[in-house]
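Please read the structure below before turning to the comments.
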């Protein structure tokens, strides 16, 4: 009998070394506390699905675990869940552990019955990363991820139908660095409060509006995406509290004029400011402040006709060569460009070399003498 068990163990160990996963075989990874090494031990008395829950009881969710870790690392995939009741039943299954690395719900075909998540959806389980996309979920109730306050680092809820989200609870997540809510139906965000959030994506939430103190309590935000939200104007000083902001995307909105203090950060931190594909006709003096010397400014496919010194010299003075991307604008290339060519600093080189006037003539090919003749 002992020989039989030994052979069985060796066979299972061989299988595990190939698959890299904990198999449902009665084999358990156990730590030898004397030398800290993992031993593969056969135990007929223990639950053969350890460390995952019983796979039949846990359906339609699936648990996988890595067998190489000193401590079991487990992931959950509930992509086949059809409704809230199925989630509740799955997470009421008896579990050896309730701390998981990832939760994934990414159905091939979205169920119209799964429209909300609440505090009952995931039992007492906690996660480090949550990826839920391609569903018909409309509402994320406060308390849905309460057991993940100390562990959740990434909350990825993009490409759903979410219109209700508990923004007021973000402050409770003590390690949350990424919040992705792009391609949903959110209409208002009053305030983002978090000492840890570095990435916020609200791209493609058409008609969204913001509270005046939106980012007052989000001091370490680095990347902010507000593209394709049908924004027509920007609240003055909306970004004034973002001391660490490096990437700001405002592309594909309906912004016509950048008023004074529209895009202003407290330090010279912006490495990429994206305003492409907006019907921008004018930028007021002081409309853009906070560009890093290593930054790039993208205002392509807009409606800008003039580059006046009053507005553009403070921006160009900071940036390096070819840092301003302006292709697709109907630039007149008249006397408004004189300052770019005749100053001791040739500011026109801050424009991308492929920048053209409205007639297709390259700005870089303009003869500076034309300004002496026609602009004095």
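In mature numbering (1 follows the signal peptide of the UniProt record, and there is no 0), the protein residues as written are -20 to -1, 1 to 356. Beta carbons: idealized from backbone N, C-alpha and C, even for Gly.
What did DSSP end up calling residue i once you bin it into helix, strand or coil?
{"i": "residue 111", "result": "strand"}
{"i": "residue 64", "result": "helix"}
{"i": "residue 35", "result": "helix"}
{"i": "residue 81", "result": "strand"}
{"i": "residue 56", "result": "strand"}
{"i": "residue 354", "result": "helix"}
{"i": "residue 158", "result": "strand"}
{"i": "residue 322", "result": "helix"}
{"i": "residue 188", "result": "coil"}
{"i": "residue 295", "result": "helix"}
{"i": "residue 169", "result": "strand"}
{"i": "residue 210", "result": "coil"}
{"i": "residue 140", "result": "coil"}
{"i": "residue 70", "result": "helix"}
{"i": "residue 116", "result": "coil"}
{"i": "residue 227", "result": "strand"}
{"i": "residue 152", "result": "helix"}
{"i": "residue 315", "result": "helix"}
{"i": "residue 257", "result": "coil"}
Which residue from the options puts its Cα closest to that of residue i?
{"i": "residue 312", "options": "303, 82 and 261", "result": "261"}
{"i": "residue 56", "options": "65, 63 and 70", "result": "70"}
{"i": "residue 103", "options": "65, 114 and 116", "result": "65"}
{"i": "residue 41", "options": "297, 61 and 123", "result": "61"}
{"i": "residue 90", "options": "118, 68, 158 and 173", "result": "118"}
{"i": "residue 335", "options": "160, 285, 106 and 220", "result": "285"}
{"i": "residue 140", "options": "295, 196, 87 and 343", "result": "87"}
{"i": "residue 155", "options": "218, 128 and 73", "result": "128"}
{"i": "residue 133", "options": "230, 350, 151 and 114", "result": "151"}
{"i": "residue 242", "options": "231, 233 and 218", "result": "218"}
{"i": "residue 224", "options": "239, 244 and 338", "result": "244"}
{"i": "residue 68", "options": "101, 204 and 85", "result": "101"}
{"i": "residue 115", "options": "85, 355, 106 and 99", "result": "85"}
{"i": "residue 345", "options": "170, 144, 324 and 317", "result": "317"}
In whole angstroms, what separates the C-alpha of residue i from that of residue j?
{"i": "residue 206", "j": "residue 250", "result": "15 angstroms"}
{"i": "residue 18", "j": "residue 50", "result": "Its pLDDT being 37, under 50, residue 18 is placed unreliably in this model, and the coordinates cannot settle the point."}
{"i": "residue 22", "j": "residue 58", "result": "The predicted model places residue 22 with a pLDDT of 29, which falls under 50 and marks its position as unreliable, so this point remains unresolved."}
{"i": "residue 38", "j": "residue 75", "result": "10 angstroms"}
{"i": "residue 332", "j": "residue 306", "result": "7 angstroms"}
{"i": "residue 32", "j": "residue 168", "result": "40 angstroms"}
{"i": "residue 315", "j": "residue 328", "result": "13 angstroms"}
{"i": "residue 54", "j": "residue 44", "result": "6 angstroms"}
{"i": "residue 263", "j": "residue 110", "result": "40 angstroms"}
{"i": "residue 358", "j": "residue 120", "result": "Look at the range of the chain in this structure, -20 to 356, and you will see that residue 358 is not part of it."}
{"i": "residue 222", "j": "residue 194", "result": "10 angstroms"}
{"i": "residue 9", "j": "residue 131", "result": "Note that residue 9 has pLDDT 42, beneath the 50 cutoff, so the model's placement of it is unreliable and the number below is only indicative. If I take the Cα positions, the gap works out to 24 angstroms."}
{"i": "residue 34", "j": "residue 277", "result": "54 angstroms"}
{"i": "residue 291", "j": "residue 197", "result": "30 angstroms"}
{"i": "residue 125", "j": "residue 267", "result": "40 angstroms"}
{"i": "residue 136", "j": "residue 343", "result": "43 angstroms"}
{"i": "residue 208", "j": "residue 30", "result": "46 angstroms"}
{"i": "residue 123", "j": "residue 202", "result": "27 angstroms"}
{"i": "residue 252", "j": "residue 280", "result": "13 angstroms"}
{"i": "residue 351", "j": "residue 330", "result": "19 angstroms"}
{"i": "residue 282", "j": "residue 234", "result": "10 angstroms"}
{"i": "residue 77", "j": "residue 108", "result": "14 angstroms"}
{"i": "residue 269", "j": "residue 52", "result": "49 angstroms"}
{"i": "residue 308", "j": "residue 355", "result": "25 angstroms"}
{"i": "residue 348", "j": "residue 192", "result": "45 angstroms"}
{"i": "residue 105", "j": "residue 46", "result": "18 angstroms"}
{"i": "residue 321", "j": "residue 339", "result": "19 angstroms"}
{"i": "residue 226", "j": "residue 157", "result": "15 angstroms"}
{"i": "residue 179", "j": "residue 353", "result": "51 angstroms"}
{"i": "residue 184", "j": "residue 271", "result": "25 angstroms"}
{"i": "residue 337", "j": "residue 310", "result": "6 angstroms"}
{"i": "residue 153", "j": "residue 36", "result": "33 angstroms"}
{"i": "residue 166", "j": "residue 181", "result": "12 angstroms"}
{"i": "residue 149", "j": "residue 172", "result": "9 angstroms"}
{"i": "residue 341", "j": "residue 138", "result": "42 angstroms"}
Please confirm whether residue i and residue j have their CB atoms less than 8 angstroms apart.
{"i": "residue 142", "j": "residue 164", "result": "yes"}
{"i": "residue 302", "j": "residue 319", "result": "no"}
{"i": "residue 275", "j": "residue 299", "result": "yes"}
{"i": "residue 296", "j": "residue 273", "result": "no"}
{"i": "residue 200", "j": "residue 220", "result": "no"}
{"i": "residue 357", "j": "residue 228", "result": "Since the first residue shown for the chain is -20 and the last is 356, residue 357 is missing from the structure and cannot be characterised."}
{"i": "residue 177", "j": "residue 160", "result": "no"}
{"i": "residue 145", "j": "residue 170", "result": "no"}
{"i": "residue 265", "j": "residue 231", "result": "no"}
Is residue i near the ligand SAH, in the sense that its beta carbon is under 7 angstroms from a heavy atom of that ligand?
{"i": "residue 280", "result": "As presented, the structure is devoid of all ligands, the ligand SAH included, so that no description of it is given."}
*Check whether the region 212 to 224 touches the region 181 to 188, counting contact only when three or more Cβ pairs, one atom from each stretch, lie closer than 8 angstroms.*
Under the three-pair Cβ rule at 8 angstroms, the region 212 to 224 does not count as touching the region 181 to 188.
_Does the region 89 to 97 come into contact with the region 74 to 81, if we say contact requires no fewer than three beta-carbon pairs (one atom in each stretch) closer than 8 angstroms?_
Counting C-beta pairs closer than 8 angstroms gives fewer than three between the region 89 to 97 and the region 74 to 81, which falls short of the contact rule.
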